[in-house]
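Here my numbering is used: the first residue of the sequence shown is 315, the next is one more, and so on. Every residue gets a Cβ at the ideal spot worked out from N, C-alpha and C, and that includes glycine. In this text, all values refer to a predicted model and were calculated from it rather than measured experimentally. Worksheet for the structure shown next.
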Amino acid sequence: MRHRFGDVFSLQLAWTPVVVLNGLAAVREAMVTRGEDTADRPPAPIYQVPGFGPRSQGRPFRPNGLLYKAVSNVIASLTCGRRFKDDPRFLRLLDLAQEGLKEETGFLREVLNAIPVLLRIPGLAGKVLHSQKAFLAQLGELLTKHRMIWNPAQPPQDLTDAFLAEMDKAKGNPESSFSDENLCMVVADLFLAGMVTTSTTLAWGLLLMILHLDVQRRVQQEIDDVIGQMRRPEMGDQARMPYTTAVIHEVQRFGDIVPLGVTHMTSRDIEVQGFHIPKGTTLFTNLSSVLKDEAVWEKPFRFHPEHFLDAQGHFVKPEAFLPFSAGRRACLGEPLARMELFLFFTCLLQGFSFSVPAGQPRPSHSRVVSFLVTPSPYELCAVPR
Ligand code: HEM
């Protein structure tokens with residue numbers, strides 16, 4: 315559509331007119347230069363309704379579930395100060411989070427947002443957001459337990475402790491946003507935004523490694539040269555590992571997991587690339603058009619780590635690398651995600667070699683498009699090195 319209609323075009327999405335921004339120049343102008351006027355999110359009336367095991371070595375397995383659990387435990391440590399293994403309540407929370415993300419798209423949801431009067435039909439919103447509601451209830455239970463063991467005399471150990479301390483300080487202040495409800499929403503946001511994104515990127519990473527064994531071997535060579543096998547990778551190693559860093563960036567560029575970003579809304583009339591966009595317009599940032607821009611990337615539709623290396627093999631990051639979007643509402647978890655991607659990816663390749671299971675066809679690069687873009691389900695074998 316970009317080729318046909320240009321870098322800024324509008325379309326009618328059911329009842330809502332939206333403007334789609336394509337390419338680095340338009341996305342940067344709207345998100346960075348006019349960042350202050352485009353930082354709103356479009357309203358979603360639907361939310362205003364109240365009440366709202368390890369595998370044997372070498373045997374084929376699907377890595378997604380394990381990656382998802384591992385990444386979830388990072389968020390659990392940050393928000394609740396603990397990790398979970400096979401706790402059924404935590405596993406249910408993870409299932410509900412995944413189901414909840416699927417509820418971010420869907421025809422009925424769009425209809426209810428566009429015609430909020432339908433939300434008066436009892437039970438309809440609850441039906442569309444069934445998993446998100448169940449997720450919030452399950453998370454609420456976890457936080458209630460946390461509150462019972464919270465000791466205000468101790469320095470905060472995690473985000474919930476810090477939030478509870480602020481709630482204590484703000485007692486009696488009706489203006490304060492430090493409330494039980496907001497604690498639950500903040501922790502829920504971090505879980506929902508931080509788990510599936512990072513684990514999906516890692517799932518792309520492992521898929522690309524079994525499809526490009528030469529790249530996998532070069533990454534392992536760099537790990538062996540810089541880190542060796544005697545200790546775990548640390549963030550300090552990254553600066554000495556340009557190839558691995560380039561591969562991780564290329565996994566993100568190629569995986570392109572949030573192709574249309576998250577919608578924004580203009581808070582006043584603006585002009586982007588010479589086009590007038592009125593206040594209150596929904597904006598789609600077509601991040602895919604930036605990450606796969608034929609004018610920027612040598613091989614936009616191929617997996618090519620050299621996109622991030624100069625002629626001397628040094629790491630370089632083109633401006634069009636925008637998987638986290640840009641401007642005031644760019645991904646809040648970007649620094650954490652970067653650390654997770656580097657540490658998980660290098661740890662996995664330090665310890666294992668990954669391959670397509672013998673006798674199985676090579677998986678394809680094909681994509682399953684929902685709110686996020688995930689690789690089509692695939693199996694791999696992991697053999698300790
Ligand atoms: C590879 C991993 C990740 C990718 C590709 C990613 C990508 C994005 C994108 C494209 C947005 C929308 C930005 C915009 O509206 O312009 C976003 C927003 C957000 N992300 Fe991430 N993200 C990742 C990981 C994380 C992690 C680990 C966390 C937190 C623990 C996180 C928390 C958030 C939050 C809270 C927002 C909403 C920010 C706001 O509304 O101001 N993300 N992310």
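- Rounded to whole angstroms, the gap between the alpha carbons of R373 and A479 is 48 angstroms.
- The beta carbon of G337 sits no closer than 6 angstroms to any heavy atom of the ligand HEM.
- The stretch 634-641 and the stretch 530-542 do not touch, with fewer than three beta-carbon pairs separated by less than 8 angstroms.
- In terms of Cβ geometry, T514 and I562 do not form a close pair [threshold 7 angstroms].
- If you draw a 10 Å sphere on the C-beta of L527, you find fewer than 16 other C-beta atoms in it, and that means exposed.
- Here the stretch 474-492 makes no contact with the stretch 615-628; the two share fewer than three CB pairs at distances below 8 angstroms.
- DSSP, reduced to helix, strand and coil, places A696 within a strand of the structure shown.
- Classified as buried, G414 has 16 or more neighbouring CB atoms from the shown chains inside 10 Å of its CB.
- Residues of the same chain with a CB within less than 6 angstroms of the CB of L380, apart from the 5 flanking positions on each side, do not exist.
- Distances from the CB of D351 to the heavy atoms of the ligand HEM are all 6 angstroms or more.
- When the five nearest sequence neighbours on each side are left out, the beta carbons in the same chain lying within less than 7 angstroms of the beta carbon of A507 are those of G647, in order along the chain.
- Under the three-state reduction of DSSP, D503 is assigned to helix.
- At a cut-off of 4 residues, the continuous stretches assigned as alpha helix (DSSP H) that sit fully inside the stretch 452-504 are 473-483.
- CA-to-CA, the gap between D475 and A439 works out to about 32 angstroms.
- If you compare the alpha carbons of N387, A411, A428, R316 with that of A328, the shortest gap goes to A428.
- The closest heavy atom of the ligand HEM lies 6 angstroms or more from the beta carbon of A344.
- Of the heavy atoms belonging to the ligand HEM, at least one sits nearer than 6 angstroms to the Cβ of L646.
- When distances are taken from the beta-carbon of G508 to the heavy atoms of the ligand HEM, the shortest one is below 6 angstroms.
- The DSSP-derived three-state label of S603 is helix.
- Assignment of T577 by DSSP, reduced to helix, strand and coil, places it in the coil class.
- Closest in C-alpha terms to T347, from the list S680, G641, D400, G542, comes G641.
- Look at S513 here: in three-state DSSP terms it is helix.
- Distance from the CA of G542 to the CA of T688, rounded to the nearest whole angstrom, comes to 32 angstroms.
- For N378, the closest alpha carbon among the candidates D351, S690, V565, L605 is that of S690.
- By the C-beta density criterion, P592 is exposed, having fewer than 16 other C-beta atoms within 10 angstroms.
- Fewer than three Cβ pairs drawn from the stretch 483-503 and the stretch 548-559 lie within less than 8 angstroms of each other, which leaves the two stretches out of contact.
- For V346, there is no enclosing alpha helix (DSSP H), as DSSP marks it with neither H nor E.
- Rounded to whole angstroms, the separation of the alpha carbons of M499 and F666 is 38 angstroms.
- By the neighbour-count criterion, in which a residue is buried when 16 or more other Cβ atoms sit within 10 angstroms of its Cβ, I524 is buried.
- Nearest C-alpha to A384 among M509, R582, L650: M509.
- According to DSSP, residue pairing for P331 in a beta bridge involves Q326.
- In its chain, beyond the 5 residues on either side, G414, E417 have a beta carbon closer than 7 angstroms to the beta carbon of Q446.
- In the structure shown, P689 adopts extended strand secondary structure according to DSSP, grouped into three states.
- Straight across, the Cα-Cα distance linking L655 with V682 is about 21 angstroms.
- Taking a C-beta distance under 7 angstroms as the contact criterion, C394 and D472 qualify as a contact pair.
- As for any alpha helix (DSSP H) of minimum length 4 sitting wholly inside the stretch 593-649, the runs are 601-605, ordered along the chain.
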